[in-house]
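**Q** I have a structure I would like to understand better, so I am pasting it below and will then ask my questions one at a time.
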Amino acid sequence: MKRRKFDVAAVPARSAGALDDRFQAATPLRKLLNKVFPDHWSFLLGEIALFSFIVLILTGVFLTFFFEPAMTEVIYNGSYAPLRGTPMSAAYASSLNLSFDVRGGLIMRQMHHWAALLFMASIVVHMLRVFFTGAFRKPRETNWIIGSLLFWVGFLAGFTGYSLPDDGLSGTGLRIASGIMLSIPVIGSWVTSSIFGGEFPGTIIISRFFIAHVLLIPGLLVALISVHLGLVFKQKHTQWPGPGRTNENVVGERMFPRYALKQGGFFMVVFGVIALMGGLFQINPIWYFGPYEAWVVSAASQPDWYVMFLDGSTRLMPAWEINIPIGDGYVIPPLFWPTVVLPGILVGLSLLYPFLEARRLKDYRHHNLLQRPRDVPARTAAGAMAVAFFIVLTLSGGNDVIADKFHISLNAMTWAGRIGLLILPPLAYYFTYRICLGLQQHDREVLAHGVETGIIKRLPDGRFVEVHQPLSEADHDGHGALDYVGWVVPKKMNRLGALGPAIRGFFYPIEKPAEAPVSPGHPPVETRPEREEITSGESRR
Amino acid sequence: MTSDNDRRRGLLARLRGRPVARSRGRRRLGAAVRLAAALMLAGGAYTLFAPGVQAQENPPLSAAANEGKALFDVSCVTCHGRNAQGVAERGPSLIGVGSASVEFQVSSGRMPMARQEAQAPRKKPQFTDEQVRQLGQYIQELGGGPQVPQGNLREGADLATGGELFRINCSQCHAFSAGGGALSSGKYAPSLYPATDRQIYAAMLSGPQNMPVFGDNQISPQEKADIIAYIQENLKDTQDQGGFNLGRYGPSTEGLAAFLVGIVALVFTSLWIAGKS
Numbered sequence: 003m004k005r006r007k008f009d010v011a012a013v014p015a016r017s018a019g020a021l022d023d024r025f026q027a028a029t030p031l032r033k034l035l036n037k038v039f040p041d042h043w044s045f046l047l048g049e050i051a052l053f054s055f056i057v058l059i060l061t062g063v064f065l066t067f068f069f070e071p072a073m074t075e076v077i078y079n080g081s082y083a084p085l086r087g088t089p090m091s092a093a094y095a096s097s098l099n100l101s102f103d104v105r106g107g108l109i110m111r112q113m114h115h116w117a118a119l120l121f122m123a124s125i126v127v128h129m130l131r132v133f134f135t136g137a138f139r140k141p142r143e144t145n146w147i148i149g150s151l152l153f154w155v156g157f158l159a160g161f162t163g164y165s166l167p168d169d170g171l172s173g174t175g176l177r178i179a180s181g182i183m184l185s186i187p188v189i190g191s192w193v194t195s196s197i198f199g200g201e202f203p204g205t206i207i208i209s210r211f212f213i214a215h216v217l218l219i220p221g222l223l224v225a226l227i228s229v230h231l232g233l234v235f236k237q238k239h240t241q242w243p244g245p246g247r248t249n250e251n252v253v254g255e256r257m258f259p260r261y262a263l264k265q266g267g268f269f270m271v272v273f274g275v276i277a278l279m280g281g282l283f284q285i286n287p288i289w290y291f292g293p294y295e296a297w298v299v300s301a302a303s304q305p306d307w308y309v310m311f312l313d314g315s316t317r318l319m320p321a322w323e324i325n326i327p328i329g330d331g332y333v334i335p336p337l338f339w340p341t342v343v344l345p346g347i348l349v350g351l352s353l354l355y356p357f358l359e360a361r362r363l364k365d366y367r368h369h370n371l372l373q374r375p376r377d378v379p380a381r382t383a384a385g386a387m388a389v390a391f392f393i394v395l396t397l398s399g400g401n402d403v404i405a406d407k408f409h410i411s412l413n414a415m416t417w418a419g420r421i422g423l424l425i426l427p428p429l430a431y432y433f434t435y436r437i438c439l440g441l442q443q444h445d446r447e448v449l450a451h452g453v454e455t456g457i458i459k460r461l462p463d464g465r466f467v468e469v470h471q472p473l474s475e476a477d478h479d480g481h482g483a484l485d486y487v488g489w490v491v492p493k494k495m496n497r498l499g500a501l502g503p504a505i506r507g508f509f510y511p512i513e514k515p516a517e518a519p520v521s522p523g524h525p526p527v528e529t530r531p532e533r534e535e536i537t538s539g540e541s542r543r
Numbered sequence: 105m106t107s108d109n110d111r112r113r114g115l116l117a118r119l120r121g122r123p124v125a126r127s128r129g130r131r132r133l134g135a136a137v138r139l140a141a142a143l144m145l146a147g148g149a150y151t152l153f154a155p156g157v158q159a160q161e162n163p164p165l166s167a168a169a170n171e172g173k174a175l176f177d178v179s180c181v182t183c184h185g186r187n188a189q190g191v192a193e194r195g196p197s198l199i200g201v202g203s204a205s206v207e208f209q210v211s212s213g214r215m216p217m218a219r220q221e222a223q224a225p226r227k228k229p230q231f232t233d234e235q236v237r238q239l240g241q242y243i244q245e246l247g248g249g250p251q252v253p254q255g256n257l258r259e260g261a262d263l264a265t266g267g268e269l270f271r272i273n274c275s276q277c278h279a280f281s282a283g284g285g286a287l288s289s290g291k292y293a294p295s296l297y298p299a300t301d302r303q304i305y306a307a308m309l310s311g312p313q314n315m316p317v318f319g320d321n322q323i324s325p326q327e328k329a330d331i332i333a334y335i336q337e338n339l340k341d342t343q344d345q346g347g348f349n350l351g352r353y354g355p356s357t358e359g360l361a362a363f364l365v366g367i368v369a370l371v372f373t374s375l376w377i378a379g380k381s
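From first to last, the protein sequence lines are chains C and B.
No gaps in the numbering here: position 394 of the first sequence is 396 in the numbering used here, and each next residue is one more.
No gaps in the numbering here: position 114 of the second sequence is 218 in the numbering used here, and each next residue is one more.
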């Protein structure tokens with residue numbers, strides 16, 4: 003029998019051809035696969051959030067197979083001895099079973115929780131990158147708004163998620179949430195009783211939060227993430243200024259194969275880091291907190307980090323109660339201001355920021371090139387102010403733990419938070435602004451006078467001068483003619499093309515740079531003047 | 105003043121009446137009889153009342169208590185005063201605190217205090233177990249009070265009951281993990297990890313520093329045994345099921361770890377990946 007020759011190398015092309023015959027996918031795919039993405043490490047921060055979200059969905063689906071979202075009372079009889087025989091809700095009992103009796107359940111639960119913390123953390127880090135580089139400017143305001151919404155929807159996802167196990171900690175969080183809802187004037191009590199199905203805690207809240215947590219909120223997140231990524235495709239990614247990069251083009255790598263491969267690898271690393279954390283670090287040990295009972299509130303009951311700023315604002319708020327003498331008297335509790343009004347203002351400010359800045363600068367043009375933070379001191383300083391505000395509130399959210407472990411009076415911590423909240427943001431603004439101006443000035447100085455060589459020369463008359471390596475030919479004033487282009491100015495001799503590119507290990511390209519400059523960090527060296535060794539003035543013959 | 109004295113002298117003189125002349129022998133005899141009668145009365149009254157009074161105020165101390173008193177007079181008397189009745193602004197009276205309190209404070213090194221501050225911290229004990237027992241014996245014999253029973257303090261303990269009682273009564277201040285927590289103005293509920301069974305029992309009985317007393321009427325000795333077993337066997341000796349516990353400080357350190365470990369690792373990864381162009 004004659005065996006047909008089977009050419010392995012031809013398989014991909016043949017099968018792709020067969021597919022294209024049937025689905026006519028080549029034309030749209032070619033466009034997609036040739037899409038160019040600019041490359042910079044800071045553009046990958048948003049991907050961490052995307053990949054954590056994928057891990058969240060994978061682990062979350064596993065958890066739903068074993069979790070029972072019901073508040074019916076059961077007697078625990080699983081393998082965790084110190085709770086055996088304790089009456090508890092079915093939700094808590096199934097969470098315990100998930101942790102102790104389901105194979106691999108605990109690491110799945112812990113990975114899910116760590117992925118949630120990383121999801122929120124990378125959203126914030128990504129948001130800071132977008133803010134400080136001005137990537138939110140026209141035409142990308144919509145994507146900025148979607149990104150901000152993603153934070154707040156993620157916030158809700160996290161809160162509904164860590165409320166589900168119905169342990170002591172999550173019940174305490176729910177109690178606080180019900181208190182916050184109750185503090186809203188006029189509609190508060192209606193909102194609370196409709197969400198909890200009556201008085202707190204009721205018997206329905208876990209089931210409601212469950213469906214919100216596994217269907218409504220993830221659905222919303224998927225929708226927002228899809229639009230977010232779709233807009234990045236449509237509007238193209240921003241890029242740093244540099245040689246060959248303009249406001250009208252995108253310089254980078256094609257989607258396929260390099261970008262896709264790198265992203266695939268990055269997903270593996272994110273998955274690996276989350277799995278490592280889930281396996282190595284214990285998170286939310288629900289078995290220590292016990293079933294939720296209204297009279298059990300442990301010390302150090304904190305929310306997860308992305309909610310902690312609200313806990314902090316509540317702790318710092320003075321007990322200012324507003325009494326309105328209408329009818330039987332009406333009270334606006336102090337809780338209303340730090341937990342309803344403050345987040346309201348924060349949401350509004352974050353959503354509107356692109357428009358506020360455009361209006362202030364009267365800048366309505368398209369911007370596809372990023373700005374270095376130092377070049378826009380006012381924005382950078384405002385961002386630093388916001389970060390300082392958030393950090394003070396977050397630290398205040400854990401101020402009892404800080405007070406206890408660092409042996410500081412809790413009262414002192416509270417007052418430090420109150421004063422710090424008012425004083426530190428303006429200080430952060432001022433210092434950031436000054437630092438930005440200083441960095442700008444240094445860039446201009448290097449462009450004008452050259453790079454410091456570290457060589458001190460003594461002149462015949464006894465004076466000492468430092469030798470500078472000019473970056474370009476000097477004009478009659480002895481000043482260089484290079485303009486600042488919004489990108490890194492070399493400040494060290496081994497960053498200059500003159501001494502050969504400094505190729506160091508790990509974080510830098512291993513391949514030998516091509517003829518063209520690899521990155522804007524190495525400016526093109528044109529019409530190189532006769533190379534002359536810079537000496538210390540001493541002859542070495 | 106002087107007019108008062110004059111008036112009194114006048115009154116006495118009137119009561120006595122005019123002095124009657126008597127023979128010298130009769131006067132002496134009368135004086136002797138009166139003296140004898142007065143002595144009889146005084147002696148009788150003494151024999152009637154004195155023994156009871158003496159038993160309340162000055163019982164013979166046991167040998168151990170005498171040793172304890174010697175230690176007390178050297179190390180504790182500055183703040184707690186002679187006979188442990190306390191010194192204002194310095195140290196409270198120890199009458200009636202019982203040996204439980206002494207055992208807790210001294211065996212955990214809290215007493216003697218290094219300085220006056222919000223709360224005495226745990227430190228290396230200054231006395232041996234034997235000396236602690238002697239001091240406790242002295243305070244016990246001085247004024248009575250609660251005592252820690254001898255023997256195994258976790259006899260027949262039930263972990264689940266202990267856990268429930270711990271969460272209801274202890275976790276507000278000592279936290280779910282017994283790792284301790286902050287109270288107001290520099291005071292704190294200490295970590296229970298270094299505490300022994302007897303110290304936990306003594307603390308519940310005596311309510312040291314800011315801790316309320318959990319007497320046997322509130323938490324029975326059996327329930328105390330349950331709580332001690334839960335703290336020692338479940339919180340202290342059991343390995344954490346989920347891996348490294350990050351200090352068991354709750355979500356604060358978890359958030360910190362998410363940034364310091366997770367975000368740092370992933371940002372370095374993105375630097376690495378982006379560099380591979």
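Ideal placement from N, C-alpha and C gives every residue a C-beta, glycine not left out.
Small disclaimer: the values here were computed from a predicted structure and weren't measured.
Any contact between the segment 425-434 of chain C and the segment 460-472 of chain C? By contact I mean 3 or more CB pairs, one from each, below 8 Å.
**A** Cβ pair count under 8 Å is below three, so no.
**Q** Distance cutoff 8 Å, beta carbons only. Does C277 (chain B) sit that close to anything in chain C?
**A** Interface residue, yes.
**Q** Report the neighbours of H42 (chain C) on chain B: residues whose CB is nearer than 8 Å to its CB, in chain order.
**A** Near H42 (chain C) (Cβ distances below 8 Å), the residues of chain B are A378.
**Q** Report the start-end ranges of each beta strand (DSSP E) in the segment 196-227 of chain C that is 3 residues or longer and not cut off at the edges.
**A** None, since the segment 196-227 of chain C contains no complete beta strand (DSSP E) of that length.
**Q** Among residues of its own chain, excluding the 5 on either side of E48 (chain B), which ones have a beta-carbon nearer than 7 Å to its beta-carbon?
**A** Residue 48 (chain B) cannot be examined here, being either before or after the span of chain B that is shown, 105 to 381.
**Q** With a threshold of 16 other CB atoms inside 10 Å of the CB of N338 (chain B), please say whether the residue is buried or exposed.
**A** It counts as buried.
**Q** Assign V520 (chain C) to one of three DSSP states: helix, strand, or coil.
**A** Because the pLDDT at V520 (chain C) is just 47, under 50, the model does not fix this residue reliably, and the value given afterwards should be weighed accordingly. In the structure shown, V520 (chain C) sits in coil (DSSP, three-state: anything other than H, G, I, E or B).
**Q** Give the C-beta separation of V453 (chain C) and P492 (chain C) to the nearest angstrom, bearing in mind that I take them to be a contact with Cβ-Cβ under 8 Å.
**A** That belief holds up - the Cβ atoms of V453 (chain C) and P492 (chain C) are roughly 6 Å apart, short of 8 Å.
**Q** Check each candidate in C:L34, C:V490, C:S150 and name the one with the smallest Cα separation from P356 (chain C).
**A** That would be C:S150, whose Cα lies nearest to the Cα of P356 (chain C).
**Q** Ignore the nearest five residues each way along the sequence and tell me which others in W146 (chain C)'s own chain have a CB closer than 6 Å to its CB.
**A** Cβ within range, chain order: F138, P356.
**Q** Would a check of beta-carbon distances place K238 (chain C) closer than 8 Å to chain B?
**A** For K238 (chain C), the answer is no, since every Cβ of chain B falls outside 8 Å of its Cβ.
**Q** Tell me the DSSP bridge mates of G285 (chain B)?
**A** Answer by DSSP bridge pairing, in chain order: B:A293.
**Q** To be precise: take each residue of the segment 83-96 of chain C, compare its Cβ to all Cβ atoms of chain B, and keep it if any distance is under 9 Å. Which residues remain?
**A** So the close ones are A83, P84, L85, R86, G87, T88.
**Q** Which first and last residues belong to the alpha helix (DSSP H) in which P411 (chain B) is found?
**A** Only positions 105 to 381 of chain B appear in the structure, and residue 411 (chain B) is not among them; the question remains open.
**Q** Pull the bridge partners of D169 (chain C) from the DSSP assignment, please.
**A** C:P293.
**Q** To the nearest angstrom, how far is the alpha carbon of E414 (chain C) from that of L397 (chain C)?
**A** The sequence shown places Ala at residue 414 (chain C), not Glu. So the alpha carbons of these two residues sit roughly 13 Å apart.
**Q** Specify the secondary structure class of S374 (chain B) as computed by DSSP and reduced to three states.
**A** Residue state, collapsed to three classes: helix.
**Q** Please list the segments of the alpha helix (DSSP H) lying wholly inside the segment 43-111 of chain C, counting only runs of 4 or more residues, in order along the chain.
**A** Counting whole runs of 4 or more residues, the segment 43-111 of chain C contains the alpha helix (DSSP H) stretches 47-66, 92-102.
**Q** Identify whether G456 (chain C) lies in helix, strand or coil by the three-state DSSP scheme.
**A** If DSSP states are grouped into helix, strand and coil, G456 (chain C) belongs with the strands.
**Q** Under 8 Å between beta-carbons, which chain C residues line up against L364 (chain B)? List them in chain order, please.
**A** Those do not exist, as L364 (chain B) stays about 10 Å from chain C at its closest Cβ, beyond 8 Å.
**Q** For M310 (chain C), would you say it is in contact with chain B, using Cβ-to-Cβ distances shorter than 8 Å as the test?
**A** With 8 Å as the cut-off, M310 (chain C) counts as an interface residue toward chain B.
**Q** Give a yes or no on whether the C-beta atoms belonging to A117 (chain C) and T61 (chain C) are separated by under 8 Å.
**A** Yes, the Cβ-Cβ distance between A117 (chain C) and T61 (chain C) is below 8 Å.
**Q** Mapping DSSP to helix, strand and coil, what is R142 (chain C)?
**A** Three-state result, R142 (chain C): coil.
**Q** Count the other CB atoms, across all protein chains shown, that sit within 10 Å of the CB of W307 (chain C); report buried if there are 16 or more and exposed otherwise.
**A** Its Cβ being crowded by 16 or more others within 10 Å, W307 (chain C) is buried.
**Q** How would you call F176 (chain B), buried or exposed, if buried means at least 16 neighbouring beta carbons within 10 angstroms?
**A** Flag for F176 (chain B) reads buried.
**Q** Who are the neighbours of W417 (chain C) on chain B, taking C-beta pairs under 9 Å?
**A** Under the 9 Å cutoff, chain B gives no residues; its nearest Cβ is about 12 Å from W417 (chain C).
**Q** So N256 (chain B) and I323 (chain B) are supposed to be a Cβ contact under 8 Å. How far apart are they, rounded?
**A** Not really, about 18 Å apart at Cβ, beyond 8 Å.
**Q** Quick check on this structure: which residue in C:G87, C:S196, C:G170 has the alpha carbon closest to the alpha carbon of V76 (chain C)?
**A** Measuring from the Cα of V76 (chain C), the nearest candidate turns out to be C:G87.
**Q** How long is the line joining the alpha carbons of V188 (chain C) and P196 (chain B), rounded to whole angstroms?
**A** Cα to Cα, V188 (chain C) sits roughly 52 Å from P196 (chain B).
**Q** In its own chain, which residues sit with a C-beta less than 6 Å from the C-beta of A224 (chain B), not counting the 5 before and 5 after it?
**A** R214, M217.
**Q** Determine whether the beta carbon atoms of C180 (chain B) and V191 (chain B) lie at a separation below 8 Å.
**A** No, the Cβ-Cβ distance between C180 (chain B) and V191 (chain B) is not below 8 Å.
**Q** In its own chain, which residues sit with a C-beta less than 8 Å from the C-beta of I332 (chain B), not counting the 5 before and 5 after it?
**A** Around I332 (chain B): L257, R258, A261, G266, D301, I304, Y305.
**Q** Per the DSSP calculation, H470 (chain C) is bridged to which residue(s)?
**A** DSSP, once it has assigned bridges, lists C:E454 as partnering H470 (chain C).
**Q** For chain C, is any of its Cβ atoms less than 8 Å away from the one on I272 (chain B)?
**A** Yes, I272 (chain B) counts as interfacial toward chain C.
**Q** Kindly say whether G190 (chain C), judged by its beta-carbon, lies nearer than 8 Å to any beta-carbon of chain B.
**A** No, no contact with chain B.
**Q** Under 8 Å, Cβ to Cβ, is there at least one residue of chain C near D330 (chain B)?
**A** Not an interface residue.
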